[in-house]
Amino acid sequence: MFHAEELSTTGVAKEDEIHAEWDVKFRRVDKSLNGNFKEHFPNCEEHGFVTSEPGGFFLMDKYSHHAEKIYRFQPRSDDVWVVTFPRCGTTWTQELVWMIMNDCDKIRAKAPLMVRSPFLELPYMLPLNATSPEIRNMMVTLEMMEEMPSPRIIKSHLPFYLLHPKLLDTCKVVYVARNPKDVIVSFFYHHRLFDFHYFDGDVEKFAQYFMDGEVMFSPFFPHILDAWSKRHHPNMLFLFYEDLKKDLRREIEKIAKFLDKSLSEEQLTDLREHLRFDNFAKNESVNMEPAKQFGHFSTEGHFIRKGKTGDWKNHFSPEMNKRIDEWIDKNLNGCADLKFITQLEFQD
Ligand code: A3P
Numbered sequence: 014m015f016h017a018e019e020l021s022t023t024g025v026a027k028e029d030e031i032h033a034e035w036d037v038k039f040r041r042v043d044k045s046l047n048g049n050f051k052e053h054f055p056n057c058e059e060h061g062f063v064t065s066e067p068g069g070f071f072l073m074d075k076y077s078h079h080a081e082k083i084y085r086f087q088p089r090s091d092d093v094w095v096v097t098f099p100r101c102g103t104t105w106t107q108e109l110v111w112m113i114m115n116d117c118d119k120i121r122a123k124a125p126l127m128v129r130s131p132f133l134e135l136p137y138m139l140p141l142n143a144t145s146p147e148i149r150n151m152m153v154t155l156e157m158m159e160e161m162p163s164p165r166i167i168k169s170h171l172p173f174y175l176l177h178p179k180l181l182d183t184c185k186v187v188y189v190a191r192n193p194k195d196v197i198v199s200f201f202y203h204h205r206l207f208d209f210h211y212f213d214g215d216v217e218k219f220a221q222y223f224m225d226g227e228v229m230f231s232p233f234f235p236h237i238l239d240a241w242s243k244r245h246h247p248n249m250l251f252l253f254y255e256d257l258k259k260d261l262r263r264e265i266e267k268i269a270k271f272l273d274k275s276l277s278e279e280q281l282t283d284l285r286e287h288l289r290f291d292n293f294a295k296n297e298s299v300n301m302e303p304a305k306q307f308g309h310f311s312t313e314g315h316f317i318r319k320g321k322t323g324d325w326k327n328h329f330s331p332e333m334n335k336r337i338d339e340w341i342d343k344n345l346n347g348c349a350d351l352k353f354i355t356q357l358e359f360q361d
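Read in order, the letters of the sequence shown are residues 14 to 361 in my numbering.
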């Protein structure tokens with residue numbers, strides 16, 4: 014799994030590659046290949062899951078064979094990276110950042126977002142048979158990213174310690190967090206939408222896997238808390254999905270300022286319209302609906318699904334909600350300044 018030949022004898026990578034050691038190991042999660050787990054995630058048997066040591070990061074086995082290469086992927090100073098835990102508003106923010114960085118060019122924005130703004134680890138997660146040739150053609154590999162013109166807008170769901178260690182010192186990063194109750198519900202539907210991730214159980218069962226750190230890209234809290242600890246870095250903008258919901262225009266202005274861009278009044282108004290849920294859900298360059306024709310997706314459900322804060326209330330029993338509250342409290346212990354908003358009086 015680890016490419017020892019890329020390391021010098023001291024275990025430190027060559028100067029021009031990276032100035033840090035790669036000391037992450039992965040081990041198979043045996044239960045992902047049998048028992049209850051496999052009943053709930055019936056399609057995971059083709060790949061199985063691994064966890065990282067340290068960190069307990071949970072992802073498909075294929076990733077572990079490419080993890081070091083991804084870690085060494087060199088950011089450029091004029092990149093903008095959108096880093097999130099899944100279902101926190103990544104796609105929304107990616108499009109927002111891409112538009113700001115590209116003078117709100119609506120014509121070029123018609124190309125699929127995954128081509129304009131590559132998903133760093135995507136080609137290194139899914140086995141070949143989990144994607145159609147059409148989707149594979151749209152995936153951007155690390156080698157292709159190296160050839161992309163600046164400014165690149167790169168998406169990743171990886172926690173910081175699995176990304177280039179100089180990422181934040183090199184380029185701007187927009188990190189988006191969302192309250193975990195809505196993330197659980199949204200991620201549950203995500204697992205229903207993609208055949209490959211299919212989850213055969215109810216939302217409360219899924220919530221338990223989520224809290225146990227046994228769904229892809231988990232555990233949730235270390236991801237968020239590590240980013241939170243970096244929020245004062247000048248290259249870091251830490252955002253909340255709920256703030257985008259509360260006042261999208263204000264957040265667009267905040268992001269534009271962070272990216273050293275200014276938008277005209279007309280661009281601001283247009284961009285807000287472009288990003289409004291109803292329009293976004295209909296926008297085929299971001300909503301993944303065209304991909305349904307290539308298979309591997311359920312025809313029911315949508316990637317841009319509901320777009321609300323507080324949908325968890327329609328899904329959790331009072332007992333489940335209490336368990337989730339306890340899990341949140343336990344994980345936020347000692348981090349009193351991080352507060353999640355789980356309901357909004359007014360939202361777009
Ligand atoms: P829901 O499933 O709660 O609707 P990601 O892009 O990180 O996977 O996040 C997906 C979540 O962001 C989904 O949440 C999706 O509906 C929501 N979302 C995407 N675009 C949005 C928009 N324009 N306005 C509000 N929410 C949006």
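Here a beta-carbon is modelled for each residue, glycine too, at the ideal position from N, C-alpha and C.
- When beta bridges are read from the DSSP output, SER65 appears opposite PHE39.
- Straight-line spacing of the CA atoms in ALA294 and ASN300 works out to 6 Å.
- A Cβ closer than 6 Å to some heavy atom of the ligand A3P marks a residue here, and those residues are THR97, PRO99, ARG100, CYS101, GLY102, THR103, THR104, TRP105, ASP195, SER199, TYR202, LEU288, PHE290, PHE293, ILE317, ARG318, LYS319, GLY320 and ASP324.
- The beta carbon of MET333 is closer than 6 Å to those of GLU217 in its chain, skipping five residues each way along the sequence.
- Here the C-alpha atom of LYS267 lies approximately 16 Å from the C-alpha atom of ASP283.
- Taking C-beta separations shorter than 8 Å and ignoring five residues to either side along the sequence, the partners of LYS274 in its chain run ILE113 and MET114, following chain order.
- For the pair THR64 and PHE71, the Cα-to-Cα distance works out to about 5 Å.
- Non-local C-beta neighbours of ASP256 in its own chain, meaning closer than 6 Å and more than five positions away in sequence, comprise GLU264, ordered along the chain.
- Annotation for TYR188: the continuous beta strand (DSSP E) segment containing it runs 185-190.
- By the criterion of at least three beta-carbon pairs nearer than 8 Å, the region 185-200 is not in contact with the region 139-149.
- Here the region 200-208 makes no contact with the region 69-88; the two share fewer than three CB pairs at distances below 8 Å.
- Comparing C-alpha distances from VAL37 to each of LYS259, LYS82, VAL186 and PHE307 shows the shortest one belongs to LYS82.
- In its chain, beyond the 5 residues on either side, LYS185, VAL186, VAL187, TYR188, LYS267, ILE268 and PHE271 have a beta carbon closer than 8 Å to the beta carbon of LEU250.
- Going by beta carbons, PHE98 and ILE317 fall outside the 8 Å limit.
- The beta carbons of PHE212 and HIS315 sit no closer together than 8 Å.
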